[in-house]
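Under my numbering, the residues of the sequence shown are numbered 3 to 442, in order. Just so it is clear, CB atoms sit at the ideal spot from N, CA and C, and this is done for glycine as well.
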Amino acid sequence: MTVTIVGSQLGDEGKGALVDLWGGEADVVVRYQGGDNAGHTVVEGGEEYALSLVPSGAVRGKVGVLGNGCVVNPRTLFDELDELRGKGLDPDVRVARRAHVILPYHRRLDGIEEEAKADSGVKVGTTGRGIGPTYEDKAGRRGVRIGDLLDPEVLRERLEYAVPQKRALIEDVYGLEAGEECDVEALHEEFAAVGERLREEGMTVDCGDFLHERREAGKNLMFEGAQGTSIDVDHGNYPYVTSSNPTAGAAAVGSGVGPTVTGRGEVVGVVKAYLSRVGEGPLPTELEGPDEELADFIREKGGEFGTVTGRPRRIGWLDVPMLRHASRANGFTGIAVNHVDVLAGLDEVHVGHAYDLDGETIETVPSTTEEWARCEPILREFEPWPEVDWADVAETGYEAIPDAAREYLGYAEEQVEAPVYAVGVGPDRAETVVRANPWE
Ligand code: IMP
Numbered sequence: 003m004t005v006t007i008v009g010s011q012l013g014d015e016g017k018g019a020l021v022d023l024w025g026g027e028a029d030v031v032v033r034y035q036g037g038d039n040a041g042h043t044v045v046e047g048g049e050e051y052a053l054s055l056v057p058s059g060a061v062r063g064k065v066g067v068l069g070n071g072c073v074v075n076p077r078t079l080f081d082e083l084d085e086l087r088g089k090g091l092d093p094d095v096r097v098a099r100r101a102h103v104i105l106p107y108h109r110r111l112d113g114i115e116e117e118a119k120a121d122s123g124v125k126v127g128t129t130g131r132g133i134g135p136t137y138e139d140k141a142g143r144r145g146v147r148i149g150d151l152l153d154p155e156v157l158r159e160r161l162e163y164a165v166p167q168k169r170a171l172i173e174d175v176y177g178l179e180a181g182e183e184c185d186v187e188a189l190h191e192e193f194a195a196v197g198e199r200l201r202e203e204g205m206t207v208d209c210g211d212f213l214h215e216r217r218e219a220g221k222n223l224m225f226e227g228a229q230g231t232s233i234d235v236d237h238g239n240y241p242y243v244t245s246s247n248p249t250a251g252a253a254a255v256g257s258g259v260g261p262t263v264t265g266r267g268e269v270v271g272v273v274k275a276y277l278s279r280v281g282e283g284p285l286p287t288e289l290e291g292p293d294e295e296l297a298d299f300i301r302e303k304g305g306e307f308g309t310v311t312g313r314p315r316r317i318g319w320l321d322v323p324m325l326r327h328a329s330r331a332n333g334f335t336g337i338a339v340n341h342v343d344v345l346a347g348l349d350e351v352h353v354g355h356a357y358d359l360d361g362e363t364i365e366t367v368p369s370t371t372e373e374w375a376r377c378e379p380i381l382r383e384f385e386p387w388p389e390v391d392w393a394d395v396a397e398t399g400y401e402a403i404p405d406a407a408r409e410y411l412g413y414a415e416e417q418v419e420a421p422v423y424a425v426g427v428g429p430d431r432a433e434t435v436v437r438a439n440p441w442e
């Protein structure tokens, strides 16, 4: 069986907590898109591990797979593995030979393009990890794949084709000086050695075959989406998006199992009880101006600072058109709502129930970002809920959640047309109220 965990909003919904909670029953945890732009903190045995590439399941004795839809920076991968091993863990991580490699010139170009865009005010606010340029090369058929690192001749061929183009881009288009990132010899030496290490450690797989065999053996697969639906390159607010598909359909494409496999399983959308966003782009329910103080309060209480970049996140009320859109794009079978405790004790709680777009009421997200930026939220007020002993609530169960918060959750499940499977009521993993187990 499969369970796919996806972000319903703009990333940072707390997917890791659910992967932790339900990953225990999975044998394999697969990432199917993105790269080291994702950030998750795993707490195990009192130790805290900040990971951006290695699937969190790998810290807990599961097989962690980076699927063909991922972009892999081997430097990050080995740094994370070495750190985990240094702390006495023995993570089992496999990497798809069809996954693309983030090379140093991708990171350089990510930075250069963001700077160039900043001058014209259209900066995306990327994580600077080279994600976009790597996916560009993948689609442009000039990428280097993990499998290419295993054959020094092929690697040289790929680099000799791609690198002069990058050099020309940096020097002739941007008028900058190319550096080490465009030195074919240096790149070849470093990345052939990466290939050698991947081979020695037996880490590369044909992802589709690997997962097929596990399924045949009756194993449970969990697909761990990174980022969220509203920054999906197809379904998000383009161009303020990441360059991959965090939505559930990509779990099949980005790993090599069929959509009939993931489609027969569960798709759980993770929802934060309010909104946060790193990076640029419209945010109709954003708390700003006179609400700045409230935004600061939620930001501090919810720890809303980027895991990868440390940037303070922008804060807004729950945006329900965004959730309806996410539910349709992903086909949720259930949702998990996190950070319900963060909103406790406020004087007011609102949600953006719908939008007013040029005088018309709409209930999902418009397809152009310009229209989305013109949307005014039509707010709905909810009765605030009090601070309570959330650890106690987590232990007692759903009925112990304050009435007003349950009202809020009931409204959310009605709007996305999928039941609440779990409610996050505290930063500790144990502080989750579980209502249903997607594996059952
Ligand atoms: P990129 O993925 O680094 O290209 O960044 C593109 C956009 O996606 C930017 O707005 C980033 O802030 C956002 N983004 C990328 N990864 C994450 C994530 O894991 N959480 C939240 N936002 C992200």
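Anticipated Cβ contact below 8 Å, residue i with residue j, distance rounded
| i | j | result |
| --- | --- | --- |
| Arg315 | Val342 | Actually they are not in contact, since the Cβ atoms of Arg315 and Val342 sit about 18 Å apart, beyond 8 Å. |
| Val5 | Trp24 | 6 Å |
| Asn222 | Thr129 | So it is not a contact: roughly 31 Å between Cβ atoms. |
| Val273 | Pro440 | Actually they do not touch by this definition, with Cβ atoms about 15 Å apart. |
| Val21 | Ser58 | 6 Å |
| Arg33 | Asn70 | So it is not a contact: roughly 11 Å between Cβ atoms. |
| Lys89 | Glu49 | 6 Å |
| Val146 | Arg431 | Rounded, the Cβ-Cβ distance is 37 Å, inconsistent with contact. |
| Lys140 | His102 | 5 Å |
| Gly13 | Ile364 | About 24 Å; that fails the 8 Å criterion. |
| Arg396 | Ile380 | Before going further, note that residue 396 is Ala rather than Arg in the sequence given. At roughly 33 Å, the Cβ-Cβ gap does not stay under 8 Å, so Ala396 and Ile380 are not in contact. |
| Leu289 | Ile317 | 5 Å |
C-alpha distance - residue i paired with residue j, whole-angstrom precision
| i | j | result |
| --- | --- | --- |
| Val263 | His327 | 23 Å |
| Pro388 | Gly36 | 38 Å |
| Leu55 | Glu82 | 8 Å |
| Ala164 | Arg144 | 6 Å |
| Gly426 | Gly399 | 11 Å |
| Ala375 | Leu285 | 7 Å |
| Val344 | Ile300 | 7 Å |
| Arg136 | Ile104 | Per the sequence shown, the amino acid found at residue 136 is Thr instead of Arg. So the two alpha carbons sit approximately 6 Å from each other. |
| Gly265 | Lys17 | 20 Å |
| Glu116 | Arg62 | 37 Å |
| Tyr51 | Phe384 | 37 Å |
| Leu411 | Ala420 | 11 Å |
| Val74 | Glu409 | 42 Å |
| Asp394 | Pro386 | 19 Å |
| Leu152 | Glu192 | 12 Å |
| Tyr240 | Glu372 | 10 Å |
| Arg169 | Asp150 | 21 Å |
| Ile114 | Tyr176 | 8 Å |
| Ala194 | Leu157 | 7 Å |
| Ala252 | Phe334 | 14 Å |
| Gly304 | Ile172 | 40 Å |
| Trp319 | Gln11 | 12 Å |
| Glu415 | Asp405 | 15 Å |
First and last residue of the uninterrupted beta strand (DSSP E) at residue i
| i | result |
| --- | --- |
| Arg96 | 94-98 |
| Asp391 | From DSSP, Asp391 is part of no beta strand (DSSP E); its letter is neither H nor E. |
| Asp358 | 351-359 |
| Thr6 | 4-9 |
| Tyr51 | 49-53 |
| Arg147 | Arg147 -> no beta strand (DSSP E), and no H or E assigned at all. |
| Gly426 | 422-426 |
| Thr363 | 362-364 |
| Thr43 | 42-46 |
| Val32 | 30-33 |
Same chain only: Cβ atoms within 6 Å of residue i, ignoring 5 sequence neighbours per side
| i | result |
| --- | --- |
| Ala438 | Tyr423 |
| Pro106 | Glu183 |
| His237 | Thr231, Thr249, Ala331 |
| Asp321 | Leu277, Thr287, Gly354 |
| Thr366 | Pro323, Arg326, His327 |
| Leu79 | Leu55 |
| His214 | none |
Opening and closing residue of the alpha helix (DSSP H) in which residue i lies
| i | result |
| --- | --- |
| Pro166 | 154-170 |
| Ala275 | Here Ala275 belongs to no alpha helix (DSSP H), and DSSP marks it neither H nor E. |
| Leu200 | 186-202 |
| Phe299 | 294-304 |
| Arg216 | 209-218 |
| Ile133 | 133-141 |
| Leu20 | 17-25 |
| Arg376 | 371-376 |
Own chain, CB closer than 8 Å to residue i, minus 5 neighbours either side, in chain order
| i | result |
| --- | --- |
| Ala188 | Glu182 |
| Lys119 | Lys125, Val126 |
Proximal residues to residue i (C-beta, below 7 Å), its chain only, five neighbours per side dropped
| i | result |
| --- | --- |
| Val235 | Val243, Thr244, Ser245, Ser246, Asn247 |
| Glu27 | Asn222, Trp441 |
| His108 | Gly132, Pro135, Thr136 |
| Gly267 | Met3, Thr4, Val5, Thr6 |
| Ser329 | Gly271, Val418, Glu419, Ala420 |
> Which full runs of the alpha helix (DSSP H) of 4+ residues lie inside the segment 59-126, going along the chain?
Replying inline: For secondary structure counted as the alpha helix (DSSP H) over 4 or more consecutive residues, the segment 59-126 holds these complete runs in sequence order: 76-88, 106-121.
> Which ranges does the alpha helix (DSSP H) cover as unbroken runs of at least 4 residues, wholly within the segment 312-351, from first to last along the chain?
Replying inline: Those alpha helix (DSSP H) runs which fall completely within the segment 312-351 and span 4+ residues are 322-332.
>> To test your reading of the DSSP string, which unbroken beta strand (DSSP E) runs of 3 or more residues are found completely within the segment 211-271?
In response: Correct list: 223-226.
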